[in-house]
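First residue of the sequence shown: 1, per the UniProt record's numbering; consecutive thereafter. By construction, the Cβ of each residue, glycine as well, lies at the ideal position given by its N, Cα and C atoms.
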Amino acid sequence: MIQNRMKKIQEIQHSVEKRKTFSSLYSRPHKNWTEISIDSDVNVLPMNRALTLVKKTHETLSKKLSQTALKFVQKFAESSGSDTDRGAADNPEQNEEDSGDPALSRDEKERLKTVGVFVDYEEGLVSFYDVGSRSHIYSFTGQTFTNKLYPYFFPGICQYGINTTK
(Lines of atoms letter the chains of each structure in order from A and count residues from 1; the text may use other names and numbers.)
(Lines give C-alpha, C1' and ligand atoms only; values in the text may rest on other atoms or scores of the structure.)
Protein backbone atom coordinates (compact mmCIF):
# COMPACT_ATOMS: atom_id res chain seq x y z
CA MET A 1 0.00 0.00 0.00
CA ILE A 2 2.83 2.38 0.85
CA GLN A 3 4.57 1.39 -2.36
CA ASN A 4 1.46 2.24 -4.38
CA ARG A 5 1.28 5.67 -2.76
CA MET A 6 4.97 6.29 -3.39
CA LYS A 7 4.47 5.34 -7.05
CA LYS A 8 1.53 7.76 -7.36
CA ILE A 9 3.56 10.56 -5.74
CA GLN A 10 6.37 9.98 -8.23
CA GLU A 11 3.90 10.08 -11.15
CA ILE A 12 2.43 13.35 -9.88
CA GLN A 13 5.89 14.87 -9.42
CA HIS A 14 6.82 13.79 -12.94
CA SER A 15 3.67 15.37 -14.43
CA VAL A 16 4.31 18.61 -12.47
CA GLU A 17 7.83 18.77 -13.88
CA LYS A 18 6.49 18.28 -17.41
CA ARG A 19 3.93 20.97 -16.88
CA LYS A 20 6.54 23.43 -15.67
CA THR A 21 8.74 22.61 -18.66
CA PHE A 22 5.95 23.07 -21.21
CA SER A 23 4.03 25.85 -19.44
CA SER A 24 5.05 28.33 -22.12
CA LEU A 25 3.08 26.31 -24.65
CA TYR A 26 -0.07 26.48 -22.57
CA SER A 27 0.05 30.13 -21.58
CA ARG A 28 -1.52 32.71 -23.85
CA PRO A 29 0.54 35.80 -24.69
CA HIS A 30 -2.39 38.13 -23.95
CA LYS A 31 -4.72 37.86 -21.06
CA ASN A 32 -6.76 40.92 -21.98
CA TRP A 33 -8.28 40.08 -25.38
CA THR A 34 -9.86 43.53 -25.76
CA GLU A 35 -6.43 44.77 -26.82
CA ILE A 36 -6.29 42.31 -29.72
CA SER A 37 -7.69 43.41 -33.08
CA ILE A 38 -8.14 41.61 -36.37
CA ASP A 39 -7.58 43.39 -39.66
CA SER A 40 -11.06 43.35 -41.16
CA ASP A 41 -10.07 45.33 -44.26
CA VAL A 42 -9.97 42.37 -46.60
CA ASN A 43 -8.63 43.19 -50.03
CA VAL A 44 -11.26 41.87 -52.43
CA LEU A 45 -9.53 43.10 -55.57
CA PRO A 46 -7.57 39.86 -56.23
CA MET A 47 -10.71 37.82 -55.60
CA ASN A 48 -12.70 40.06 -57.94
CA ARG A 49 -10.06 39.66 -60.66
CA ALA A 50 -10.08 35.88 -60.25
CA LEU A 51 -13.87 35.75 -60.39
CA THR A 52 -13.91 37.89 -63.54
CA LEU A 53 -11.36 35.57 -65.13
CA VAL A 54 -13.45 32.52 -64.21
CA LYS A 55 -16.56 34.12 -65.74
CA LYS A 56 -14.74 34.96 -68.98
CA THR A 57 -13.31 31.45 -69.18
CA HIS A 58 -16.77 29.96 -68.61
CA GLU A 59 -18.29 32.13 -71.34
CA THR A 60 -15.51 31.24 -73.78
CA LEU A 61 -15.83 27.52 -73.10
CA SER A 62 -19.63 27.68 -73.38
CA LYS A 63 -19.37 29.39 -76.78
CA LYS A 64 -16.83 26.83 -77.98
CA LEU A 65 -19.03 23.97 -76.79
CA SER A 66 -22.08 25.45 -78.51
CA GLN A 67 -20.14 25.96 -81.75
CA THR A 68 -18.78 22.41 -81.64
CA ALA A 69 -22.21 20.94 -81.01
CA LEU A 70 -23.70 23.13 -83.76
CA LYS A 71 -21.07 21.94 -86.25
CA PHE A 72 -21.90 18.36 -85.32
CA VAL A 73 -25.63 19.02 -85.77
CA GLN A 74 -25.02 20.71 -89.15
CA LYS A 75 -22.95 17.78 -90.38
CA PHE A 76 -25.66 15.39 -89.25
CA ALA A 77 -28.38 17.51 -90.92
CA GLU A 78 -26.41 17.51 -94.19
CA SER A 79 -25.80 13.77 -94.10
CA SER A 80 -29.36 12.83 -93.16
CA GLY A 81 -31.04 14.92 -95.86
CA SER A 82 -34.60 16.11 -95.47
CA ASP A 83 -36.52 12.96 -94.69
CA THR A 84 -39.97 14.10 -93.58
CA ASP A 85 -40.81 10.71 -92.06
CA ARG A 86 -38.27 11.26 -89.28
CA GLY A 87 -40.32 13.96 -87.59
CA ALA A 88 -43.29 11.77 -86.63
CA ALA A 89 -43.41 10.09 -83.27
CA ASP A 90 -43.85 6.31 -83.36
CA ASN A 91 -44.94 6.16 -79.75
CA PRO A 92 -48.61 7.13 -79.23
CA GLU A 93 -47.92 7.75 -75.52
CA GLN A 94 -45.35 10.39 -76.41
CA ASN A 95 -46.58 13.97 -76.41
CA GLU A 96 -45.34 17.53 -76.06
CA GLU A 97 -45.74 17.50 -72.28
CA ASP A 98 -43.19 14.74 -71.68
CA SER A 99 -40.38 17.20 -70.99
CA GLY A 100 -42.27 18.82 -68.13
CA ASP A 101 -41.22 22.27 -69.34
CA PRO A 102 -43.49 24.76 -71.07
CA ALA A 103 -43.13 25.21 -74.81
CA LEU A 104 -40.66 27.87 -75.86
CA SER A 105 -41.98 30.62 -78.09
CA ARG A 106 -39.86 32.50 -80.59
CA ASP A 107 -40.47 35.76 -82.40
CA GLU A 108 -43.28 35.38 -84.96
CA LYS A 109 -41.20 37.10 -87.66
CA GLU A 110 -38.35 34.67 -87.18
CA ARG A 111 -39.20 31.36 -88.83
CA LEU A 112 -36.96 28.37 -88.36
CA LYS A 113 -36.09 26.40 -91.47
CA THR A 114 -33.84 23.73 -89.95
CA VAL A 115 -33.63 22.77 -86.30
CA GLY A 116 -30.69 20.71 -85.12
CA VAL A 117 -30.97 18.45 -82.10
CA PHE A 118 -27.99 17.23 -80.10
CA VAL A 119 -28.46 14.48 -77.51
CA ASP A 120 -25.84 13.34 -75.01
CA TYR A 121 -27.20 10.23 -73.28
CA GLU A 122 -24.47 10.04 -70.63
CA GLU A 123 -24.77 13.70 -69.59
CA GLY A 124 -28.58 13.80 -69.91
CA LEU A 125 -28.40 16.76 -72.30
CA VAL A 126 -30.77 17.65 -75.15
CA SER A 127 -29.87 20.81 -77.07
CA PHE A 128 -31.73 22.54 -79.89
CA TYR A 129 -30.00 24.72 -82.49
CA ASP A 130 -31.17 26.98 -85.31
CA VAL A 131 -28.96 25.65 -88.09
CA GLY A 132 -29.65 28.62 -90.40
CA SER A 133 -28.51 31.31 -87.98
CA ARG A 134 -25.99 29.00 -86.27
CA SER A 135 -27.42 29.80 -82.86
CA HIS A 136 -28.33 27.84 -79.77
CA ILE A 137 -32.06 27.81 -79.00
CA TYR A 138 -32.41 25.89 -75.74
CA SER A 139 -30.94 22.98 -73.77
CA PHE A 140 -32.57 20.60 -71.34
CA THR A 141 -30.07 19.32 -68.77
CA GLY A 142 -30.22 16.62 -66.12
CA GLN A 143 -32.49 14.36 -68.15
CA THR A 144 -32.53 10.58 -67.83
CA PHE A 145 -33.32 8.41 -70.81
CA THR A 146 -34.89 5.05 -70.05
CA ASN A 147 -36.69 4.38 -73.35
CA LYS A 148 -36.08 5.15 -77.01
CA LEU A 149 -36.18 8.83 -77.96
CA TYR A 150 -38.65 9.87 -80.62
CA PRO A 151 -38.44 13.27 -82.29
CA TYR A 152 -41.59 15.29 -81.82
CA PHE A 153 -41.92 18.95 -82.74
CA PHE A 154 -44.99 20.96 -81.95
CA PRO A 155 -44.78 24.17 -83.99
CA GLY A 156 -47.77 25.87 -82.40
CA ILE A 157 -51.33 25.61 -81.25
CA CYS A 158 -53.73 23.83 -83.57
CA GLN A 159 -57.23 25.22 -83.84
CA TYR A 160 -59.80 22.93 -85.41
CA GLY A 161 -57.05 20.78 -86.91
CA ILE A 162 -55.33 23.74 -88.58
CA ASN A 163 -51.75 24.66 -87.73
CA THR A 164 -51.91 28.30 -86.63
CA THR A 165 -48.20 28.99 -87.16
CA LYS A 166 -48.60 29.14 -90.96
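DSSP places V54 within a helical segment (H, G or I) once states are collapsed to three.
Per DSSP, the beta bridge partners of G116 are Y129. Y138 is bridged by DSSP to F128. Going by C-alpha positions, L51 is about 54 Å away from V16. Per DSSP, reduced to three states, the secondary structure at Q3 is helical.
When rounded, the separation of the alpha-carbon atoms in E59 and S37 is 41 Å. Cα atoms of K8 and T34: separation of roughly 42 Å, rounded to the nearest angstrom. Just so you know, the alpha carbons of D120 and L65 end up roughly 13 Å apart. By the beta-carbon neighbour count (other beta carbons within 10 angstroms, threshold 16), S62 is exposed. L70 is classed as buried because its beta carbon has at least 16 other beta carbons within 10 Å across all chains shown. With respect to the 8 Å criterion, V44 and F118 are not classified as neighbours on the basis of their beta carbons.
A residue is called buried once 16 or more other Cβ atoms fall within 10 Å of its Cβ, and Y138, having fewer, is exposed. Annotated three-state conformation of I38 is coil, per DSSP.
By the neighbour-count definition (other C-beta atoms within 10 Å, threshold 16), G116 is a buried residue. For E17, the three-state secondary structure derived from DSSP is helix.
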